[in-house]
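In the UniProt record's numbering, the protein residues as written are 1 to 143. Virtual Cβ for every residue (Gly too), placed ideally from N, Cα, C.
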Amino acid sequence: MGQRPWGQESRDYLRRIIPQQINLREHDRDRYGRIVGEVFGHAGQSLNLALVEAGQAAVYPRYCRESRYFEAQERARAARRGIWEQDGEHQTPWTWRRVRQFLLAITRSDANRHSKPFPKKQQRDRRDRRHDAEHHKIAVGPR
Numbered sequence: 001m002g003q004r005p006w007g008q009e010s011r012d013y014l015r016r017i018i019p020q021q022i023n024l025r026e027h028d029r030d031r032y033g034r035i036v037g038e039v040f041g042h043a044g045q046s047l048n049l050a051l052v053e054a055g056q057a058a059v060y061p062r063y064c065r066e067s068r069y070f071e072a073q074e075r076a077r078a079a080r081r082g083i084w085e086q087d088g089e090h091q092t093p094w095t096w097r098r099v100r101q102f103l104l105a106i107t108r109s110d111a112n113r114h115s116k117p118f119p120k121k122q123q124r125d126r127r128d129r130r131h132d133a134e135h136h137k138i139a140v141g142p143r
């Protein structure tokens, strides 16, 4: 199962439940400097937890240690809400990214394996042209 239509449905669900004013509790920063945190709405309701409870988000066990999220996900799964509505493999965003990166790596290695190497003289000529280009700032293109 791919990501569609779940991402759009989750976004639309969040738009329906999000109040005019929210509070953000920062927990951490990721390796890109983005805030990792929890968003709260009316009366301190966690919107993160509400998404999981509604089956509109999956818990990422690598980063989540709070049992309330895993319990909410199990309730959503048992009630067949959101992404748990259909039987079968549910591909989480982090699995999708990992599989995509793996497939891209295989594609690149296959392309490299099937390309024919330049004969020695052409390799030397290309190396010399690159060297000249780096030191003399000239354009290098195929000959």
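{"Query": "For E26, which residues does DSSP report across the bridge?", "Result": "G37"}
{"Query": "Given a cut-off of 7 Å on the beta-carbon distance, is the pair E26 and I18 in contact?", "Result": "no"}
{"Query": "Which value, in whole angstroms, describes the spacing of the CA atoms of I106 and N23?", "Result": "43 Å"}
{"Query": "Buried or exposed: where does Q21 fall if 16 or more other Cβ atoms within 10 Å of its Cβ makes it buried?", "Result": "exposed"}
{"Query": "What does the alpha-carbon distance come out to for the pair R62 and R98?", "Result": "14 Å"}
{"Query": "Near V52, which residues of its chain fall below 8 Å by C-beta distance, leaving aside the five closest residues on each side in sequence?", "Result": "A58, V59, Y69, A72, Q73, A76"}
{"Query": "CB-CB under 8 Å to L14, same chain, minus the five flanking residues each way: which ones, in chain order?", "Result": "L47, L51, Q56"}
{"Query": "A54 and R81 - do their beta-carbons sit closer together than 7 Å?", "Result": "yes"}
{"Query": "How is the alpha helix (DSSP H) around S67 delimited, first residue to last?", "Result": "67-78"}
{"Query": "If we ignore side chains and look at the alpha-carbon of each, how far apart do R143 and R108 end up?", "Result": "Only weak support is given to the placement of R143: the predicted model assigns it a pLDDT of 37, under 50, and the question is left unresolved by the model."}
{"Query": "Let me confirm a value: residue 154 is counted as buried when at least 16 other C-beta atoms fall within 10 Å, else exposed. Which label applies?", "Result": "One cannot answer for residue 154 here, as it falls past the ends of the chain, which runs 1 to 143."}
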